[in-house]
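In my numbering, the protein residues as written are 30 to 414. This report concerns only the one structure given below.
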Amino acid sequence: MQTHRLFYWPHSLLLSVRRDLRYKKGEIRLFCDSNPSINRLLSLQMNVFPIEPSMKIQINRVEVITWSVSALLILLLNTNLKTGEIRWDWVIVIILSSFLIGSIQGYLMPRLMQRAADWTVQKMLGVYALCNVVTALTIGSAVMFSMQIIQGGHYSLNAYISSGMIYILMTFAFTSVYMIRAVVDRWRVSLLKEQQLSQALLKAEYDTLKNQVNPHFLFNSLNILSALIPEDPENAVNLVERLSKVFRYNLQNNDRISVDLGTELKIVEAYLFIHKMRFGDNLSYQIEVPKDQWPQQIVTQGLLTLVENAVKHNECSSEKPLKVEVYVGDRGVTVRNNFQPKNKQFLESTGIGLKNLKSRYALLTSRKVEVTGNARFFEVTIPFV
């Protein structure tokens with residue numbers, strides 16, 4: 030079984046950690062297919078990435094050493110070196126209050142890490158240290174003044190400073206165990222997430238391979254081409270150029286996670302142009318995306334999938350002309366078309382492609398793919414990544 034070291038940080042550590050993500054031993058399936066061989070291909074037999082025994086020992090050693098040093102410092106700073114008398118009341122109060130502070134911090138810090146999943150490790154550790162210092166000084170000061178009032182109101186600046194340092198050190202000691210375990214858990218989840226993303230890409234590549242030589246699309250395009258060559262050679266050349274763009278894009282980008290919006294828009298335009306040659310005035314399309322938005326990243330073939338669904342599953346005739354619009358808004362890029370499904374299987378057919386698209390986005394960003402519509406129109410918005 031492959032093991033990993035704690036301090037090997039994969040790039041995906043900075044990916045968002047979703048609360049609903051669960052990991053366990055066994056088989057993980059992201060997609061289901063009617064073909065058993067495809068199911069076997071997409072099934073990932075894996076174990077939870079275990080913590081090495083040596084790593085557990087190292088973590089325990091750090092905890093024991095930190096707590097031992099902290100306890101010795103507490104005893105030393107609360108011992109009268111001349112008489113050897115130990116102020117056990119202060120020792121007990123400091124240990125108990127430090128444990129309380131550490132428990133609060135240990136409960137809050139892992140949740141803060143989940144909410145601030147896009148932070149760098151350095152920033153996360155900096156906030157962790159700052160929170161420890163502020164919490165320790167706040168609660169520690171309250172305990173210090175309370176104890177001094179109980180013991181007669183004698184105030185000692187040196188005692189205040191030394192006890193404050195003890196509170197800070199003890200807080201770090203008690204929260205280190207929570208912090209280390211939270212970082213290890215986050216690291217394990219990030220590794221699992223990489224596996225899930227690879228599996229989603231495998232499914233997308235499989236779908237791409239099926240569509241690379243789509244017989245219906247290719248057959249219709251060749252029929253259009255054969256009719257255009259004698260009548261309109263110029264448009265025939267344009268159609269061949271766009272047809273080559275679509276197939277070249279499928280071949281060259283099927284292993285990429287994301288692509289810039291401008292690149293995919295060119296393929297979408299080529300795809301719609303080919304169908305425009307087929308349907309004539311029965312199909313119209315409008316693409317309104319400013320060039321300053323072209324560098325934005327989207328999931329590879331995400332926009333093309335939506336346009337394909339619009340043309341494939343809606344009626345396009347003289348009685349019911351189809352209009353497809355592509356535009357950019359605050360939430361991302363949207364594909365909108367008038368809703369006129371060919372058959373009752375429309376929702377089921379488009380649902381598979383949308384589910385795949387949503388799964389791929391869920392592994393890359395916390396932003397959702399939005400689907401809206403009514404009896405007149407249907408639109409899908411995919412966010413930038």
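In this text, a Cβ means the ideal position worked out from N, Cα and C, and glycines have one as well.
Of the listed residues the options, nearest to residue i (C-alpha basis)
i, options, result
"Lys349", "Val318, Asn311, Pro324 and Gln315", "Asn311"
"Val414", "Val400, Glu223 and Ser395", "Ser395"
"Val266", "Tyr314, Met306 and Thr329", "Met306"
"Lys320", "His342, Phe302 and Leu290", "Leu290"
"Val318", "Tyr278, Ile303, Thr410 and Val355", "Val355"
"Phe406", "Val398, Asn343, Gly382 and Ala391", "Asn343"
"Leu331", "Thr410, Val218, Leu220 and Val353", "Here residue 331 turns out to be Gly, not Leu, going by the sequence shown. Considering only alpha carbons, the answer is Thr410."
"Ile334", "Glu408, Asn403 and Lys371", "Before going on, a small fix: residue 334 reads as Thr here, not Ile. It is Glu408 whose Cα lies nearest to the Cα of Thr334."
"Asn366", "Ile327, Ser313, Lys397 and Glu270", "Ser313"
"Leu393", "Trp216, Ser227, Trp117 and Ile121", "Ser227"
"Pro324", "Ser347, Glu399 and Leu294", "Leu294"
"Ala404", "Pro412, Pro370 and Val398", "Pro370"
"Val328", "Gln224, Ile253 and Ala229", "Ala229"
"Cys345", "Gln326, Phe368, Thr363 and Val364", "Phe368"
"Gln24", "Gly309, Ile303, Val340 and Thr292", "Within the shown structure, residues of the chain are numbered from 30 to 414, placing residue 24 beyond reach of any answer."
"Leu268", "Tyr278, His304 and Pro412", "His304"
"Val400", "Trp117, Leu221 and Thr363", "Thr363"
"Phe308", "Glu223, Leu351, Tyr278 and Gly382", "Leu351"
"Lys222", "Ala391, Val398, Lys397 and Trp117", "Ala391"
"Asn372", "Gln326, Lys341 and Asn252", "Lys341"
"Gln326", "Ser219, Pro412 and Gln224", "Pro412"
Helix, strand or coil at residue i according to DSSP, with G and I counted as helix
i, result
"Phe407", "strand"
"Arg365", "strand"
"Glu337", "helix"
"Leu290", "helix"
"Ser219", "helix"
"Ser313", "strand"
"Gln74", "Its pLDDT being 34, under 50, Gln74 is placed unreliably by the model, and the measurement read from it follows with that caveat. Correct three-state label for Gln74: strand."
"Pro259", "helix"
"Pro412", "coil"
"Asn343", "strand"
"Val242", "With a pLDDT of 46 at Val242, under the threshold of 50, the modelled position of this residue cannot be trusted; read the value that follows with caution. Val242 falls in the coil class under three-state DSSP."
Range of the contiguous beta strand (DSSP E) that encloses residue i
i, result
"Gln326", "Gln326 to Val328"
"Glu354", "Leu351 to Gly358"
"Val400", "Glu399 to Gly402"
With 16 other Cβ atoms within 10 Å as the buried cut-off, status of residue i
i, result
"Leu26", "Past the boundaries of the shown model lies residue 26; the chain is included only from 30 to 414, so the question cannot be answered."
"Ser250", "buried"
"Glu114", "exposed"
"Ser121", "With the sequence shown as reference, residue 121 is identified as Ile, and Ser is not the correct amino acid for it. Ile121 is exposed by the Cβ-count criterion."
"Gln315", "exposed"
"Leu280", "exposed"
"Trp216", "buried"
"Pro262", "exposed"
"Asn338", "buried"
"Ser347", "exposed"
"Gly402", "exposed"
"Val398", "buried"
Element boundaries [alpha helix (DSSP H), containing residue i]
i, result
"Leu392", "No alpha helix (DSSP H) contains Leu392, which DSSP labels as neither H nor E."
"Val275", "Pro262 to Asn282"
With a cut-off of 8 Å, do at least 3 Cβ pairs link the segment 292-307 to the segment 265-275? yes
Do the segment 254-271 and the segment 281-292 meet, that is, are 3 or more Cβ pairs less than 8 Å apart? no
For the 8 Å Cβ check, are there 3 or more pairs between the segment 381-393 and the segment 354-371? no
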